[in-house]
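Contents: one structure, followed by commentary.
Residue numbers (my numbering), protein chains in the order written: chain F, 1088 to 1485; chain Y, 8 to 384.
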C-alpha cells in the first residue's frame, strides 16, 4: 500500500507540469480560472497545442495517434491540466467518436475521420438526446430510411452541446421501427451542412448559449457514414457511454475549484472578518474538503484497479455521482461566498475583456452563472439516478 | 501508487478474519460482550498467540508490524466480528510506552503483546467532552513519587485493566496543553475505585475515581508536564483503530442488508427490486467506499512527521466515519424494517457499534472543528 506516485509517475507529472507552464496560453488559463466562457477559437487553439505534442487523444491507441498512456498517466495528465487552468477537451470527437470508430469503424472511416479529429478539421457534436429520450436513450425516434446509396433522416435531437460550432454530428437513429427499443438503432455520421439540417439555440438557465436543438428534415446521408452494422448502434452507444470514465469524477476540477473557494473565503469579509473565520461557513468548506480528500483516494483506487487489469465498470458510476456532487457543492459555496453580490446579472461581465469595473468582488460576475450552469453535471452523461440504477444492477446485483 | 497490501499483511488479515469468523461467531461474541466482565481472557490469550496484538507494534518494541496499515488491517478484521477484547487499550497505551517510555517502562510492552496485561487509557473526564487538553485530575509531588486525585470517565475495559495510563495535571490551566503528565498506575492501586459497567455496544468500561493514589517516580511516563504530545500521538493511533474497526463493521452491515434486500419478499417480489430501496443501497455502497478511502488516508498519514498533515488526515477520517457510521447503522435498520430492531438479528449489534464509534476519541463535530483549526494554524 503506497499512496505516493512512483518515481516514473512523478517524473511524468513533472513533464506535464513543465509542458503546461510552457504551452498553456495565459489568455485561456485566465478565462478558465475566472470561470469565464471560452470561444470556439480558444478551444481550437488548445486542441492544436495538445495535438502538436501528441497528447490530444490520450485515450487512443498509439497506432491511431494516441500517446500510449496507461490509466495512471491519463489521470495525472487530466489532473494537472485542471490544476493549471487548462480547459476541458471538447469530448465529442476526441473522447467519444474516436474510440467508437477505432473499435467499430471500417478502415476507410478510420483513415478518413480520425486524422481529421486530431487536426481539428471537423468539430463534432453528439446527436443522442431527443425531446422524448434523455436518460432513456433507447427510445430514440429520429428515423433513417435506406434509399439506394443513402439514408433519409428525419427527426430531432436536443441538448446538442456546442452544436453551434460543429460541422459534423454523430447520431443514434432508428433504422428498424418494428424492432424492440434497443435493437433497430444505428450509429450514423451526418454532415451538418447537408440540406435539411437546421440548428436552433437553447438558452439555458444561466443565460448562456451552450446547447442546441438540431432538426433533420429529409436529410440525405451517404450509406458509407454508417458506423458498424445497421441496427447494432445501441452496442456502440453503450460502449461510448462507459468508455474510460476513470476521469469522470473530475477530481482535478474539484481541487482547482476548492483552491479558488479558499482564496475567496479568505478575501471576502463578513462583518469585518474573513468568511473562512465564520464557523458555519468554515464547516461547510471543511466538509466538502474532507469529501474531496476521500474522493481523491477512491478515484486512485479505481485507477489502480484499472491499471492492474481490472475493468472500470460500475465503479465509474460511483465516481460520477460523488465527483459531481462535490463539484456542485463547491460551486454552491462560491456562490454563497458572494453574499448579495451573487445577485447582479451582467452578461458581458462573464466574458474576458469586460471594460467596466466589476460590481462587487471580481469573482461575483460568474459565481451564480457557473453554479446554475453546473447543475448539468448531475443530469448529463446518464443522470446520477441512472448511475444509481447501474450500481444497483452491476455491483449490488439487485 | 499501489493499493495492494503486502503478502505478509494479506496473510495476517486472512488469518485473523478466519479466526474471528470461526471462533467468535455472533452468539459467542454477544455472550462475552454482554457478559459479567465484557471480555474473555482465554480468547484474548488466543489473539495474542495468533500475533494479532504483536502486529500493532514495531519490531523495536517487540512487535512485528506497527505501521498504519498493519493497525488498519487488524482492526478492520476485529470490526467484522465486533470483537470486544481489549485491543484498543493495548494499542494506545503500548504506543505511548514505546514513544515516551524509559527502557524499564518499555519492557512492559511485552506483557501487552503476550496478552498477560490488559491496559486502558484513563484520560477522558466527566466534563471534558472530547477536549483532549482538558485535564482536571491533579498529580502533586509526594516524596519522590506522586499523589493522584481526580475522576476518569468511561475508561474502556477499565475495570478489567491491570495497567492504567492516567493523565493528570501537574501545572497549567485546566485546558492547557502544557502541564499534562502521564502516569502508569496499577488497576488495583489503593484508593483507586473502579465502577465497572457494560456498554451499549458490548464490552465493558469504568468510571474511575482516584483519591490521593500514591505512585512512585517510575510511574511518570515521559517528562513532567510534557505529556500532551505523547497523548495526541497515542490517541491518533486509537482514532485510526476505531475508524478501521468501524469500516469492518460497515462491510458486514452492508453485506447483511444487501442479502436481506435480495431475499425478503413483499408484494410478491424481493424488496431489492424497488428503486427507492436500490438507490438508498447504492448510496450506502458509495459511502462505505468513501470510508475505506478515509481509513487509507489516515493509515498513510499516521507516521508522518508533519503534525498538521497527520492530524488533519486523522480528523478527516473521524469526521467521515462518524457521519457514515451512523448513516450505515440507520439505513441498515431502516432497510431491514422491524426485524432490524431486534436483539436477535446480528445487524442490530453492528448498528450499535457503528453509532457508538462516534462517541470515542471525539465525534464528528469535534473533529470537523479540529480539522478547520488545524488548517488555519
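C-beta: ideal position from N, C-alpha, C; glycine also.
Taking the alpha-carbon positions, what's the residue i to residue j distance?
i, j, result
"residue 1301 of chain F", "residue 1258 of chain F", "11 Å"
"residue 1230 of chain F", "residue 1111 of chain F", "43 Å"
"residue 1462 of chain F", "residue 1317 of chain F", "36 Å"
"residue 1340 of chain F", "residue 1414 of chain F", "8 Å"
"residue 202 of chain Y", "residue 142 of chain Y", "20 Å"
"residue 1348 of chain F", "residue 101 of chain Y", "42 Å"
"residue 1320 of chain F", "residue 1253 of chain F", "22 Å"
"residue 1152 of chain F", "residue 297 of chain Y", "36 Å"
"residue 381 of chain Y", "residue 246 of chain Y", "16 Å"
"residue 1444 of chain F", "residue 1360 of chain F", "24 Å"
"residue 13 of chain Y", "residue 1404 of chain F", "29 Å"
"residue 1148 of chain F", "residue 1290 of chain F", "38 Å"
"residue 325 of chain Y", "residue 373 of chain Y", "9 Å"
"residue 290 of chain Y", "residue 1170 of chain F", "29 Å"
"residue 1492 of chain F", "residue 1406 of chain F", "Since the first and last residues shown for chain F are 1088 and 1485, residue 1492 of chain F lies out of range."
"residue 1366 of chain F", "residue 1426 of chain F", "16 Å"
"residue 183 of chain Y", "residue 146 of chain Y", "15 Å"
"residue 1233 of chain F", "residue 1483 of chain F", "42 Å"
"residue 71 of chain Y", "residue 1481 of chain F", "40 Å"
Going by C-alpha to C-alpha distance, which of the options sits closest to residue i?
i, options, result
"residue 1102 of chain F", "F:1229, F:1476, F:1367 and F:1168", "F:1168"
"residue 65 of chain Y", "Y:53, Y:106 and Y:43", "Y:106"
"residue 1388 of chain F", "Y:281, Y:215, Y:146 and Y:303", "Y:303"
"residue 1313 of chain F", "F:1478, F:1109, F:1188 and F:1480", "F:1188"
"residue 129 of chain Y", "Y:112, Y:310, Y:183 and Y:190", "Y:190"
"residue 1195 of chain F", "F:1296, F:1446, F:1310 and F:1402", "F:1310"
"residue 1213 of chain F", "F:1234, F:1228, F:1184 and F:1200", "F:1184"
"residue 1402 of chain F", "F:1323, F:1417 and F:1479", "F:1479"
"residue 270 of chain Y", "Y:30, Y:342 and Y:49", "Y:342"
"residue 119 of chain Y", "Y:362, Y:278, Y:169 and Y:351", "Y:169"
"residue 243 of chain Y", "Y:86, Y:377, Y:123 and Y:151", "Y:377"
"residue 181 of chain Y", "Y:154, Y:140 and Y:195", "Y:140"
"residue 134 of chain Y", "Y:113, Y:167, Y:259 and Y:157", "Y:157"
"residue 1249 of chain F", "F:1353, F:1209 and F:1382", "F:1209"
"residue 1117 of chain F", "F:1174, F:1127 and F:1239", "F:1174"
"residue 222 of chain Y", "Y:188, Y:233, Y:240 and Y:207", "Y:188"
"residue 1382 of chain F", "F:1424, F:1338, F:1374 and F:1351", "F:1338"
"residue 294 of chain Y", "Y:306, Y:333 and Y:206", "Y:333"
"residue 344 of chain Y", "Y:88, Y:279 and Y:37", "Y:279"
"residue 1182 of chain F", "F:1422, F:1440 and F:1328", "F:1328"
Check the DSSP bridge columns for residue i and list the partner residues they point to.
i, result
"residue 1255 of chain F", "F:1211 and F:1278"
"residue 176 of chain Y", "Y:145 and Y:187"
"residue 1380 of chain F", "In the DSSP output, where bridge partners are listed per residue, residue 1380 of chain F has none listed."
"residue 1237 of chain F", "F:1234 and F:1309"
"residue 1296 of chain F", "F:1290"
"residue 1303 of chain F", "F:1242 and F:1284"
"residue 1356 of chain F", "F:1361"
"residue 1217 of chain F", "F:1220"
"residue 9 of chain Y", "F:1089"
"residue 1261 of chain F", "F:1230 and F:1272"
"residue 1108 of chain F", "According to DSSP, which records beta bridges pairwise, residue 1108 of chain F is partnered with nothing at all."
"residue 1314 of chain F", "F:1274"
"residue 192 of chain Y", "Y:171"
"residue 1319 of chain F", "F:1272"
For residue i, which residues from the same chain have a beta carbon less than 8 Å from its beta carbon, with the 5 sequence-adjacent residues on both sides left out?
i, result
"residue 57 of chain Y", "22, 23 and 26"
"residue 226 of chain Y", "152, 153, 190, 191 and 192"
"residue 1237 of chain F", "1307, 1308, 1309 and 1310"
"residue 361 of chain Y", "253, 256, 257, 260, 332, 333, 335 and 336"
Quick one: what's got a C-beta closer than 6 Å to residue i's C-beta in the same chain, skipping five residues either side?
i, result
"residue 1368 of chain F", "1362"
"residue 98 of chain Y", "63, 244 and 248"
"residue 1378 of chain F", "1413"
"residue 199 of chain Y", "217 and 220"
"residue 252 of chain Y", "82, 85 and 86"
"residue 124 of chain Y", "118, 169 and 170"
Kindly list the residues whose CB is nearer than 7 Å to the CB of residue i, restricted to its own chain and excluding five residues on each side of it in sequence; keep chain order.
i, result
"residue 1437 of chain F", "1123, 1124, 1452, 1453 and 1456"
"residue 150 of chain Y", "none"
Curious, which full-length beta strand (DSSP E) runs of at least 3 residues does the region 194 to 244 of chain Y contain? 199 to 205 and 211 to 222
Extract the residue ranges of the beta strand (DSSP E) inside the region 100 to 177 of chain Y, only unbroken runs of 3 or more that lie entirely within it. 126 to 129, 145 to 149, 152 to 163 and 170 to 176
At 4 residues or longer, what runs of the alpha helix (DSSP H) sit wholly inside the region 13 to 91 of chain Y? 14 to 30, 33 to 40, 48 to 57 and 75 to 87
Give the list of continuous alpha helix (DSSP H) stretches no shorter than 4 residues that lie fully inside the region 253 to 305 of chain Y. none
Using a Cβ-Cβ cutoff of 7 Å, what residues of the region 288 to 309 of chain Y are near chain C? List them in chain order. Absent here is chain C; the protein component of the structure consists of chains F and Y.
Segments assigned beta strand (DSSP E), at least 3 residues, entirely inside the region 1410 to 1437 of chain F: none
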